[in-house]
Structures are given as C-alpha cells and as structure tokens.
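**Student:** What follows is a structure written as structure tokens; I'll ask about it next.
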Amino acid sequence: MNRWVQKVLGSSMALILCASSLAGCSSGQDKDAGMNEETKSPVQQEDTQQEEGQNLEQDGTGWEDKEITLQFWDNDTREEWQAATQAVFDGFTERHPNIKIERVMVPWNDIDTKFQASVAAGSAPDFMYGSDKFIVSWASQGSLAPLDDILDDIGRDKFEESFLKGTSTGDKSYLVPIAYFPHVVFYRKDLYEKYNLEIPGTWDELYQNAKTIQDKEPDVSGFDMLAGKGEPYTMVNFMSVNDSALLNENQEVVVNSSNTVETLQYLQKMYDLIPNGSYGKSQADVRLIAIQGGVAHHIDSVSFAGTIANEDKLDLYGAFPIPQNKGDYQAITGFYGFAVSSTDPDRLAATKELIKYMNEPDVYMEFAKSSVLGHIPANKTATQGDTYWSSERVAPFADIFKVAMDAGKNGIVMGMERGANKYSSFIVSSYIYNDMLDMLILNKDTPEKICSWAEEKMNAIIDDVDNQ
C-alpha cells in the first residue's frame, strides 16, 4: 500500500484542529505526508493513539524543538559536490542546532536496488540525491513524499517545466531540482581551425568532419563512444536526435522503427572512427582519452568541463549541440535534485525546511558557484544575473555552458524519452541500451534484428512492472 496515503491522525477532532489552526499546520508539513497504519513502526502507531492535543506535535510542527538526525543518501563522490552540499548542510544546522545530517554514500549502480530494499525494510533515508531516471518509478510505488508545497514556496517558475513534469506523476511532484547537465559535442577547436572546418549541422557533416581529421591526424580518432555499463549515452543521444525512442507518449513500445534502424547504422559508422580498444570503457576512462587530445569529437555531458578545467585544456575545446537528424528532440539533459522518503513527521518537516533553505537566493548562489563545474543551476535565479556568469570558475566556460543550456531546452531523460513513466528505473536497470549497442558492435547483429529483440525486451519489462 502507498506509504503516502492520507490517513486520519488519531481522531476526527485532530483533523478539525489541524484544519482550523494555521499554527497547527505549518508550511513545512505536506498535505499528503500522513502514513497508512501498515507502514508505521510500533512506536509511530502508538504515538497516533495519543490524546488529541498531542497529535499536532506528531504532525511535524514540533521539529524545531527536538534533536533530529536526518539521513541523506548520496552517490556523487566528487570533491566539489561534497564540499558545496556540506556548506549548505552546515549553514542549515547552524540555523537549526537541533538538526544533524548524516551522509551515507551509496554507489550509483546500486542506488535503485538498495533504495527499494530499504523501503521494504522500513529503513529508507530521509532524503537522497534523486536522479531523473528513477523518481517517477519510485513515486509510483509509493516510496516518495510529494513536494508540491516546497515547490510552491520556492516558486515553480524558477525551474524549467520539463524538470517538474519529468518527476511528477498524477498531479504531484516528487523532486526539487538542483542542477542539470545537457549532453553536447566537445570538439577540438585547434583542428577545426587547422583544416578550416565548419560547425556541422547534419549527421553527415559531423561524420565527414570526424573522418577528415582522423585521415589527416594519425594520432587523433574522429569520435569516441560512451558505452560503459550503465553509461550508454552515445546510444541514447543519437536515438533522441533521430526521433527514436523506446516508448511513445502513450507508453507504447515503439523502438522497432526505421528511425532506430537508421540510428544503429550511423553508430556502426561512428564505431569505425573511435580509438582502438576504447569501446565499452567507463565514462571516466573515455574522458581521459579525450582530454589527452586523442579524439576530435567527444560527445558527453557538459560536466566534462570539470575535466577540462582540471587539466587546463580550455583552449583546446569548444562545444556545439549534437546535430538533429529527425524530429525536434535534443540529446540527453540529465538532472538531479533532492527526493524525500521520510515517513516520520518531524524528520519530514525538517527535511523540507532544509530544501527550502538551500533555495534561498544567497545560499543557492554560493552552492551553484562552487559545485561541480558543468552542473548548470536548475533554479533559474542563479543564471539570470551576472554574479554566476562572472564567477571565477564559471566565467571561462560561459560560452560552453550557454550552448548546453540551449541544447537542453528540448532534451530528454534516459528511460523517459517521451515523458515521465513508471517503467523508467526498470528500463535503465535492464541495461537495454547497452545491450542494443553491444549486439551491434560486439555481436555484429543487424539493426533489424536488434530492433526486434529490443521490442520483445521492452514488452517483457512492461509486463513485469504491470504485474508486480
């Protein structure tokens, strides 16, 4: 049963008191934050049976007077992210000395499995680093708290509508976005200038530029491919800009299409121009090849800017959007934020207050300037003035970031290419994108055979989820 079903708190009198007293229903309490009786611990069940006057405190209004430890699940080990979020946490706990925040690191590839296990065991974290790929699936299972009250307090107009739609199901939103990172083509500016090449506007022009450079520069490959386990970004990006998807807007399987066949045919051509032995390497390993100058075109998240900065190679690279071949969709625009899964009223209220604190303009600006380079602020107040763009770390990359922002306006989310759906986490965890590309590159299967296989695989995923 959904953990977030509204329930009667103790008695009808408690509801009357809550409805009639603003003091008893603070802005930190979500209207759907009640838990059904089955999911409560024995202590929580006992608490809801207390006298009516005590029920208001159990509803999260007394969190500022209690010693509370919030557990945060994180999967980003980068130093900038760790430092930037810790600064936010420190500022919040200084304002609220009764609150402590415990950070628990959970490997990215384990996050879905471990979170679902924690929910089943009744030990889910209070909040977590929420990836766009998983939110709707988790929310559809009743594992997350709606965050509409926070978004209303912060201002929904401060976020791209696509971010909110992509993490909503029904009429409720389940993520407060923090940052996003569109995928673009990083290209060798020096080699484009050397061979008088124009920024490509078509797939054929992109391929010809890559081949020209590889033919004339023996130590430089035309492309690379991001195809590591759980990182099938090349596959997803080129499907998207060719109007190909796994599911359509009605959540019908549409992967077996002429557009997907065409995408696979193009990727086969690309493969002939990548560095020897690089296929299937992790994103980190492929970035290392790129930053050493080994490729003419590196197609990746704009967060590659951090690698460029660390290696002092800014003069080497520019960026342009991945050329669209068909349709209006751009490449992956990944984003993340804070998702909340606490079922304790006080910890829930404190967590929501923390998220609102992070989005206070001064707090968020400092976070945005110091966090992972290339993670573009999702709260638009940070990018509307000069403060962010003129900051020391961001200013050298302003042109690249603005290309990425334009590319991200019609980008997609892996597993949700045509909109939010409850299957997304299962799609991503199935590694179907990886398998399709492996069948092409390693098994030498035909694009038609791969599309037929993918159609069967997608139907099986949907059946499994629907029959759970």
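With positions in the sequence shown counted from 1, the corresponding number in this note's numbering is that position plus 1. Where is the CB? At the ideal position from N, CA and C, for every residue including glycine. Note that the coordinates shown come from a computational prediction; the quantities given were computed from them, not determined experimentally.
If distances are taken between C-alpha atoms only, which option among 180, 270 and 460 comes closest to residue 236?
**Tutor:** 270
**Student:** Helix, strand or coil for residue 169 per DSSP?
**Tutor:** In the structure shown, residue 169 falls within a strand segment according to DSSP collapsed to helix, strand and coil.
**Student:** Span of the alpha helix (DSSP H) holding residue 155?
**Tutor:** Residues 149 to 155.
**Student:** Suppose contacts are defined by Cβ-Cβ distances below 9 Å. Is residue 381 in contact with residue 160 by that definition?
**Tutor:** yes
**Student:** Taking 9 Å as the cut-off, decide whether the C-beta atoms of residue 337 and residue 179 are in contact.
**Tutor:** yes
**Student:** Rounding to the nearest angstrom, what Cα-Cα distance links residue 187 and residue 464 in this structure?
**Tutor:** When rounded, the distance between both Cα atoms is 39 Å.
**Student:** Report yes if the C-beta distance between residue 415 and residue 133 is below 9 Å; otherwise report no.
**Tutor:** Closer than 9 Å, so yes.
**Student:** Tell me the residue span of the alpha helix (DSSP H) that contains residue 71.
**Tutor:** Premise fails: residue 71 lies in the beta strand (DSSP E), 69 to 75, not in any alpha helix (DSSP H).
**Student:** Verify whether the separation of the beta carbon atoms of residue 239 and residue 323 is less than 9 Å.
**Tutor:** yes
**Student:** Can you tell me where the alpha helix (DSSP H) with residue 334 in it begins and where it stops?
**Tutor:** That residue, residue 334, is in no alpha helix (DSSP H); its beta strand (DSSP E) goes 334 to 341.
**Student:** Could you spell out where the beta strand (DSSP E) holding residue 132 opens and where it closes?
**Tutor:** 128 to 132
**Student:** Grab the span of the alpha helix (DSSP H) containing residue 103 for me, first residue to last.
**Tutor:** Looking at the DSSP string, residue 103 is not in any alpha helix (DSSP H); the run it does join, the beta strand (DSSP E), is 100 to 106.
**Student:** Can you list, in chain order, the residues of its chain with a C-beta nearer than 7 Å to that of residue 141? Leave out the 5 residues immediately preceding and following it.
**Tutor:** 170 and 423
**Student:** Tell me which residues share the same chain as residue 442 and place their Cβ nearer than 7 Å to its Cβ, disregarding the 5 neighbours each side in the sequence.
**Tutor:** 272 and 280
**Student:** Identify which residue in 215, 341 and 291 has its Cα closest to the Cα of residue 151.
**Tutor:** 341
**Student:** Give the range of the alpha helix (DSSP H) segment to which residue 222 is assigned.
**Tutor:** First-last for residue 222: 222 to 224, but that is the beta strand (DSSP E), not the alpha helix (DSSP H).
**Student:** Please report how far the alpha carbon of residue 374 lies from the alpha carbon of residue 318, in whole angstroms.
**Tutor:** Taking the Cα positions, residue 374 is about 15 Å away from residue 318.
**Student:** Where residue 277 and residue 114 are concerned, what is the direct C-alpha to C-alpha distance, given to the nearest angstrom?
**Tutor:** 34 Å
**Student:** Determine the direct distance from the alpha carbon of residue 205 to that of residue 163, and round the result to whole angstroms.
**Tutor:** 30 Å
**Student:** By how many angstroms is the C-alpha of residue 353 removed from the C-alpha of residue 346?
**Tutor:** 11 Å
**Student:** Going by DSSP, what residue range makes up the beta strand (DSSP E) through residue 183?
**Tutor:** 177 to 189
**Student:** Looking at the secondary structure, which residues open and close the alpha helix (DSSP H) in which residue 136 lies?
**Tutor:** 136 to 141
**Student:** What residue does the alpha helix (DSSP H) around residue 1 start on, and which one ends it?
**Tutor:** Nothing can be reported for residue 1, as the shown portion of the chain is limited to 2 through 469.
**Student:** Taking the CB atoms as reference points, tell me whether residue 184 and residue 379 lie closer together than 9 Å.
**Tutor:** no
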